[in-house]
Amino acid sequence: MKSVKRTRPGGGFRAVFYTIGKALEVGPWKLWQKMRSSNACKTCAVGMGGQLGGMVNESKNFPEVCKKSLQAQVADMKGAIPIDFFERNDLSALLALTPKEAEDAGRLIYPVVLRPGAEHFTPVSWETALDIATSAFKETSPDRTAFYSSGRSSNESAFILQSFARIYGTNNVMNCSYYCHQASGVGLKMTFGTGTATIELEDLEKCDLLVLLGANPASNHPRLMTQLANLRRRGGHIIVVNPIKESGLEKFHVPSQMHSLIFGSEIASLYIQPLAGGDVALLVGVLKALIERSRVDNDFLKQHTIGHEEALASAQATEWSLIEAASGVAKASIEEMAGMIALGKAVIFAWAMGLTHHQSGVDNILALCNVALATANVGRPGTGLLPIRGHSNVQGIGSVGFAPAMQDGIRRTLETLYGKPLPSTDGYDIYSTIEAAQQGKLDVLFALGGNLWGSNPDSVWAADAMQRVKTTVYLSTKLNPGHFHGRGQTTLILPVLARDEEPQSTTQESMFNYVRLSDGGAVNVKGQMRSESDIICTLANGVLGQEPVDWLRLGNHHEVRKLIAEALPGWGEIATIEQSRKEFTIGGRVFHTPHFPTATGKATMQSTPVPVVDFDGLRLITIRSEGQFNTVVYENADIYRGMPHRHCVLISAADARKLGVFDGQSVTVHGEAGSMDNIEIVIGAIRDGVVAMFYPESNVLIKGRVDPRSGTPSFKSAPVRIEVPVRGDAK
Ligand SMILES: Nc1nc2c(c(=O)[nH]1)N[C@H]1C(S)=C(S)[C@@H](COP(=O)(O)OP(=O)(O)OC[C@H]3O[C@@H](n4cnc5c(=O)[nH]c(N)nc54)[C@H](O)[C@@H]3O)O[C@H]1N2
Ligand SMILES: Nc1nc2c(c(=O)[nH]1)N[C@H]1C(S)=C(S)[C@@H](COP(=O)(O)OP(=O)(O)OC[C@H]3O[C@@H](n4cnc5c(=O)[nH]c(N)nc54)[C@H](O)[C@@H]3O)O[C@H]1N2
Ligand SMILES: [Mo]
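For the sequence shown, position 715 (counting from the first letter as 1) is numbered 730 according to my numbering, and the numbering increases by one without interruption.
1. Can you list, in chain order, the residues of its chain with a C-beta nearer than 8 Å to that of Lys-17? Leave out the 5 residues immediately preceding and following it.
2. Could you check if Leu-401 belongs to the surroundings of ligand 2, using beta carbon to heavy atom distance under 7 Å?
3. May I have the straight-line CA-CA distance separating Lys-303 from Ala-555, to the nearest angstrom?
4. The alpha helix (DSSP H) with Asp-458 in it runs from where to where?
5. What does the shell around ligand 3 hold, if a residue joins when its beta-carbon is under 5 Å from any heavy atom?
6. Look at the alpha carbon of Asn-385 and the alpha carbon of Gly-399, and state the distance between them as a whole number of angstroms.
7. Take every Cβ of the region 541 to 551, pair it with every Cβ of the region 414 to 429, and state whether three or more of those distances are shorter than 8 Å.
8. At which residues does the alpha helix (DSSP H) containing Tyr-443 begin and terminate?
9. Does DSSP put Met-16 in a helix, a strand or coil?
10. Taking only three categories from DSSP, how would you classify Gly-369?
11. Taking just the CA atoms, how far does Ala-590 sit from Asn-54?
12. Determine the contact status of Glu-220 and Phe-527, defining contact as a CB-CB distance below 8 Å.
13. Can you name, in chain order, every residue of its own chain whose Cβ lies under 8 Å from the Cβ of Gln-422, other than the five neighbours on each side?
14. Is Phe-32 buried or exposed, if buried means 16 or more other CB atoms sit within 10 Å of its CB?
15. Quick one: Cα of Asn-539 to Cα of Val-89, how far?
16. For Pro-612, is the beta carbon positioned less than 7 Å from some heavy atom of ligand 2?
17. Using the Cα positions of Gly-686 and Asn-104, report the straight-line distance between them to the nearest angstrom.
18. What does a CB cutoff of less than 8 Å around Val-475 pick up in its chain, not counting 5 residues either side in sequence?
19. For Thr-627, is the classification buried or exposed, using 16 other Cβ atoms within 10 angstroms of its Cβ as the cut-off for buried?
20. At a threshold of 7 Å, does Gly-231 count as lining ligand 2 (C-beta to nearest heavy atom)?
21. Using a threshold of 8 Å, state whether the C-beta atoms of Val-127 and Ile-508 are closer than that.
22. Check whether the region 348 to 359 and the region 265 to 280 touch, using three or more Cβ-Cβ pairs below 8 Å as the test.
23. What does a CB cutoff of less than 6 Å around Val-488 pick up in its chain, not counting 5 residues either side in sequence?
24. Of the residues Gly-503, Ile-445, Val-648, Gly-585, which one's Cα is nearest the Cα of Val-459?
25. Output the boundary residues of the alpha helix (DSSP H) element that contains Gln-177.
26. Which value, in whole angstroms, describes the spacing of the CA atoms of Tyr-529 and Trp-335?
27. For a test of the three-state rule: what should DSSP assign to Asn-385, helix, strand or coil?
28. Could you tell me whether the region 367 to 374 touches the region 717 to 729, using the rule of 3 or more Cβ pairs below 8 Å?
29. So, at 8 Å on beta carbons, what are the nonlocal neighbours of Gly-726 in its own chain, with the 5 sequence-adjacent residues on each side left out?
30. Return yes when at least one heavy atom of ligand 1 lies under 7 Å from the C-beta of Ser-234, else no.
31. Determine the direct distance from the alpha carbon of Ile-550 to that of Leu-567, and round the result to whole angstroms.
32. Are the beta-carbon atoms belonging to Val-647 and Asn-495 less than 8 Å from one another?
33. Return the chain-ordered list of same chain residues with a C-beta closer than 6 Å to the C-beta of Ala-291, the five sequence neighbours on each side being excluded.
34. Just verifying my parser: in three-state terms, what is the DSSP assignment at Pro-728?
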């Protein structure tokens with residue numbers, strides 16, 4: 016079972032050789048053309064490509080190559096799913112597919128349906144498929160339907176689909192960010208009145224300290240690594256806060272820089288390993304240390320914030336013993352961290368899922384904002400807050416209104432345009448959608464991409480809930496296990512064109528609030544795939560007819576962009592982006608002066624109590640491997656962490672000793688929702704008290720302990736127990 020065990024630094028020649036290998040799989044010239052085409056990169060939200068051409072970032076640096084974009088690109092270019100695939104594989108065979116096997120089945124090129132009680136999906140014509148979907152909406156009431164979007168679709172498709180949902184009569188419209196950066200959006204909005212990054216890409220080139228919490232960009236945002244390496248090279252510092260010593264965050268070999276490629280670049284100046292879920296305590300500790308050393312900028316706080324007295328008093332009153340116990344970090348290390356922040360001239364705070372995937376996710380963000388404000392590190396070039404976003408267009412999908420609460424501008428525009436009042440109900444978030452399904456309250460579920468089942472905690476519960484839905488419609492490029500475990504009684508899987516195959520241009524928004532134009536292009540595989548917007552408009556036309564609007568006309572992306580420009584503040588330039596080809600930063604989002612879009616123009620500091628943990632024992636964090644993109648698995652091994660395959664648990668040497676387990680041993684891991692057998696022990700650089708396993712497989716273990724303010728489950732501090740089988744097999 017064991018093969019790879021040595022951990023390696025990130026990037027480097029392996030990444031280069033990987034690139035060459037991938038190119039050979041589909042043809043180097045064909046891949047080069049696709050990678051250089053004017054389309055926004057399909058993977059993370061760092062933002063690449065668009066009108067600057069592929070492999071160019073927002074600061075116009077070239078070549079910015081990343082293994083992940085190659086993986087995603089090659090995967091879309093590889094062969095089509097065989098025409099007899101569903102005939103050869105009945106439902107039980109499909110349910111047994113691993114995420115990798117489902118992905119490797121090939122591009123979806125024809126619509127299929129699973130009818131109630133049937134053992135096989137069968138191919139159907141587009142007409143029949145859309146008739147089934149149309150009837151499903153017509154035969155139920157809007158409050159019994161829900162719409163989900165992942166983060167890869169375009170602003171145009173997302174805008175039309177949410178408009179259709181509202182006019183049809185429901186606010187059950189939610190995107191994957193509920194399981195991703197929702198806590199960031201809520202926390203930033205509570206503090207600054209705006210839910211996205213306060214900086215643009217150039218600010219990263221101006222800071223002299225970056226604090227990176229709960230993020231593993233070496234694997235998940237490789238192109239950010241260039242910025243981190245550059246920061247160290249110009250004499251700046253990086254503090255990493257992460258329970259796992261991620262090898263790529265200690266040293267990284269930037270493939271596009273010869274010196275770094277060969278010798279590697281130092282990344283972390285200081286590496287703090289807190290307990291999972293220990294960040295609120297850690298950050299309160301940092302604030303307390305700043306207060307104790309008189310390093311708080313009181314003038315800044317008085318001028319630009321409210322609530323600072325309470326927030327500071329609350330941090331000051333928190334005992335060091337509680338801070339140390341809850342964070343798992345010694346006072347001296349917390350003071351060292353605070354000292355470095357105090358010395359920084361321009362500090363940026365960046366984070367990802369390690370902060371948001373907790374019951375205290377919003378508090379994590381509030382506590383971080385407090386540290387930024389207390390040191391006046393926001394509202395000035397080179398300073399600010401940067402949620403490192405996930406999917407390449409997850410931010411855009413939220414911006415154009417694919418969320419339950421309708422922005423005022425969208426409501427006004429749609430109500431004027433369509434001459435009818437829109438629903439004012441709250442609308443479900445993701446978790447409450449699954450709960451509604453479980454309670455038999457959902458007749459239709461419509462998913463624009465993604466893997467809703469695979470993303471959910473408590474996989475058995477989620478499957479049971481989703482299988483109660485009468486009709487489920489998936490718009491997808493590739494198969495994933497969610498299509499089968501998360502099937503409805505009737506299930507449609509409709510094949511769509513990828514971003515770079517669209518017949519019309521589309522737009523995306525990066526995590527730096529930058530709107531990109533993608534040109535689309537030739538299809539990678541021949542088939543019956545249709546553009547997402549075309550499918551949505553045909554469906555809307557079928558359900559609502561031409562009233563109150565000609566839905567088929569909205570299939571023209573230019574028309575949609577005119578509506579977006581009208582509905583959303585700061586988006587005016589999108590109306591003419593196709594003619595001007597001018598990509599733009601959304602107005603009112605980036606703060607280079609400390610004036611914020613709140614009623615008072617000031618930021619609000621909030622007290623963040625240290626959360627109480629109601630269990631003893633190990634805390635499980637569920638993470639992404641080097642070889643996966645969310646629920647899509649490309650490669651089984653994670654070479655960076657020395658984990659040879661997907662069924663491993665990473666544990667510290669001290670914890671392994673305590674449990675009496677050894678490296679390579681097979682154990683059972685018990686969680687609150689279920690257990691996993693035959694899990695291999697991997698002893699590695701993770702702190703005591705915390706263990707790590709790969710998502711989505713480990714979702715079977717986790718119960719949905721949900722942060723009430725963000726609706727996000729605690730994917731990264733779940734109670735688990737490791738059991739050695741009675742006749743422990745030593746492999
Ligand atoms: N290659 C690749 N790229 C991706 C993705 C992918 O799956 N593969 N997914 C995309 C998406 S949608 C997203 S959201 C991002 C995800 O990007 P990340 O957030 O970087 O990914 P994760 O693996 O979920 O976890 C991040 C890190 O958080 C740390 N961590 C866990 N718990 C805690 C904690 O309590 N405190 C602290 N301080 N740290 C903790 C983990 O050790 C891990 O290093 O990446 C995007 N990009
Ligand atoms: N335990 C645990 N659970 C988690 C997480 C975790 O760290 N731990 N992370 C959470 C996070 S951050 C996220 S974002 C969610 C991920 O949730 P999702 O975004 O729902 O899941 P993905 O795995 O990214 O979806 C992959 C599928 O999208 C489809 N797809 C790909 N490209 C396109 C396209 O261009 N158009 C269309 N229509 N479909 C396309 C393909 O069918 C592919 O199989 O999972 C969450 N769940
Ligand atoms: Mo995400």
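The C-beta atom is built at its ideal place from N, Cα and C for all residues, glycine as well.
None of these values were measured; they are calculated from a predicted model.
From the atom records:
1. Bear in mind that a pLDDT of 42 at Lys-17, under 50, signals an unreliable position, so the number given afterwards is only what the model happens to contain. The answer, listed in chain order, is Pro-659, Gly-679, Glu-695, Lys-746.
2. no
3. 55 Å
4. From DSSP, Asp-458 is part of no alpha helix (DSSP H); its letter is neither H nor E.
5. Cys-195, Gly-405
6. 12 Å
7. no
8. Per DSSP, Tyr-443 belongs to no alpha helix (DSSP H) and is neither H nor E.
9. Confidence at Met-16 is low in this model, with a pLDDT of 39, below 50, so its placement is unreliable and the value that follows should be read with caution. Note: Met-16 maps to coil in three-state DSSP.
10. helix
11. 18 Å
12. no
13. Gly-416, Ala-582, Leu-583
14. exposed
15. 10 Å
16. no
17. 32 Å
18. Ala-688, Gly-689, Val-715
19. Residue identity differs from the one stated: residue 627 is Val in this sequence, not Thr. Exposed, since its Cβ has fewer than 16 Cβ neighbours within 10 Å.
20. Checking the sequence, you will find Asn at residue 231 rather than Gly. It does not: the Cβ of Asn-231 is nowhere closer than 7 Å to a heavy atom of ligand 2.
21. yes
22. no
23. Ala-148, Phe-461, Leu-507
24. Gly-503
25. 170 to 183
26. 42 Å
27. helix
28. yes
29. Tyr-193, Gln-197, Asp-444, Ile-445, Tyr-446, Ser-447
30. yes
31. 10 Å
32. yes
33. Pro-258, Arg-634, Ile-636, Val-705, Lys-731, Ser-732
34. strand
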